[in-house]
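Student: Take 10 as the starting number for the sequence shown in my numbering and just add one per residue.
Think of the CB as a built atom: it goes at the ideal place given N, C-alpha and C, for glycine as much as any other residue.
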Amino acid sequence: MRSKEARSPSEADPVTTRPIQKINNLPDSWVEDIHPEGQLLYSCLIPSRDLEIRVHTDLALRKTENHLTIKSAIERLSESLNSSSELHEAGVISSNIEACIIVREDYPDEFGYYLVNHEDQTVFWLEEVMAREVDMWAYDEDIYRHKLAEQYWRHVTDFPHHCSLSSKVWDQLGPLMLLGAVGMSALRSF
Numbered sequence: 010m011r012s013k014e015a016r017s018p019s020e021a022d023p024v025t026t027r028p029i030q031k032i033n034n035l036p037d038s039w040v041e042d043i044h045p046e047g048q049l050l051y052s053c054l055i056p057s058r059d060l061e062i063r064v065h066t067d068l069a070l071r072k073t074e075n076h077l078t079i080k081s082a083i084e085r086l087s088e089s090l091n092s093s094s095e096l097h098e099a100g101v102i103s104s105n106i107e108a109c110i111i112v113r114e115d116y117p118d119e120f121g122y123y124l125v126n127h128e129d130q131t132v133f134w135l136e137e138v139m140a141r142e143v144d145m146w147a148y149d150e151d152i153y154r155h156k157l158a159e160q161y162w163r164h165v166t167d168f169p170h171h172c173s174l175s176s177k178v179w180d181q182l183g184p185l186m187l188l189g190a191v192g193m194s195a196l197r198s199f
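#1: Do you know whose CA, among Arg154, Ala69, His170, Arg71, lies nearest Glu107's CA?
#2: Less than 7 angstroms separating the beta-carbons of His97 and Phe168?
#3: Are Leu4 and Ser57 closer than 7 angstroms when you measure CB to CB?
#4: With burial defined as no fewer than 16 other Cβ atoms inside 10 Å of the residue's Cβ, what is the status of Ile152: buried or exposed?
#5: Between which two residues does the alpha helix (DSSP H) holding Ser103 run?
#6: Can you grab the Cα-Cα spacing for the pair Glu61 / Asn126, in whole Å?
#7: Out of Asn105, His155, Gln130, point me to the one whose CA is closest to Leu182's CA.
#8: Only counting runs of 3 or more residues, tell me where the beta strand (DSSP E) segments fall wholly within the segment 54-120, in order along the chain.
#9: Is DSSP giving Asp42 helix, strand or coil here?
#10: For His155, count neighbouring C-beta atoms within 10 Å of its own C-beta (all shown protein chains included) and say buried if the count is 16 or more, exposed if not.
#11: Using the rule of at least 16 other Cβ atoms within 10 Å of the residue's Cβ for burial, across every protein chain shown, is Leu187 buried or exposed?
#12: Kindly indicate which residue of Leu185, Thr166, Tyr122 has the alpha-carbon position closest to the one of Glu88.
And the structure:
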């Protein structure tokens, strides 16, 4: 019997010669994206009355055992979205609103969420949330708004795909990017 090294290509083990294939085990309507740092992220669009809201999660949706968990979380979020007359009467457009669902695999029946308003550059919830509960407590209203804006930018950083930033945001980012580019070239000259 010949050793593995001496086998001809036609005799090679068929398991090791198959091409790598992407397995698409995602729940219906979910798409997978890869964060620039390598983490797998998932998103889908859900209807809510006259809006279509993009929902993001980092729950491992390639695992079929997480499909029921995300389905349940989406159903509960949809219920809340549909019953929120304040959201639908505020005149927001679909491209300005996103949601993020946070689910832990070890507690699949519990989930958290937040909504993002790109126009106002803030996060919000459909029900009243105590600032202490979401670790955003502050003495001053301005500091609280700053913390919400910080959470907004964290969301944009964590879920950069499908993000439709308003022209107001691009107007703010342009000078910052230019300043960063100038700063980097100044550093290189030393």
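Tutor: So, to answer that:
#1: Within the sequence shown, residue 107 is the residue found at index 98, counting from 1. That would be His170, whose Cα lies nearest to the Cα of Glu107.
#2: Counted from its first residue, the sequence shown places residue 97 at position 88. Counted from its first residue, the sequence shown places residue 168 at position 159. No, they are not a contact pair.
#3: Residue 4 lies beyond the range of the chain shown here (10 to 199); nothing can be said about it.
#4: Against the sequence shown, residue 152 aligns to sequence position 143. The residue is exposed, with fewer than 16 neighbouring Cβ atoms inside 10 Å.
#5: In the sequence shown, residue 103 corresponds to position 94, counting from 1. Here Ser103 belongs to no alpha helix (DSSP H), and DSSP marks it neither H nor E.
#6: Residue 61 sits at position 52 when you count from the first residue of the sequence shown. Residue 126 sits at position 117 when you count from the first residue of the sequence shown. Between the alpha carbons of Glu61 and Asn126 lies a distance of about 13 angstroms.
#7: Looking up residue 182 in the sequence shown gives position 173. Residue Gln130 is the option with its Cα nearest to Leu182.
#8: 60-66, 106-113
#9: Translated into positions along the sequence shown, residue 42 becomes position 33. It is a strand residue.
#10: One-based indexing of the sequence shown puts residue 155 at position 146. When all chains shown are included, His155 counts as exposed.
#11: Locating residue 187 in the sequence shown gives position 178, where the first residue counts as 1. That one is exposed.
#12: For the purposes of this step, residue 88 is taken as the residue at position 79 of the sequence shown. Cα-wise, what sits closest to Glu88 is Tyr122.
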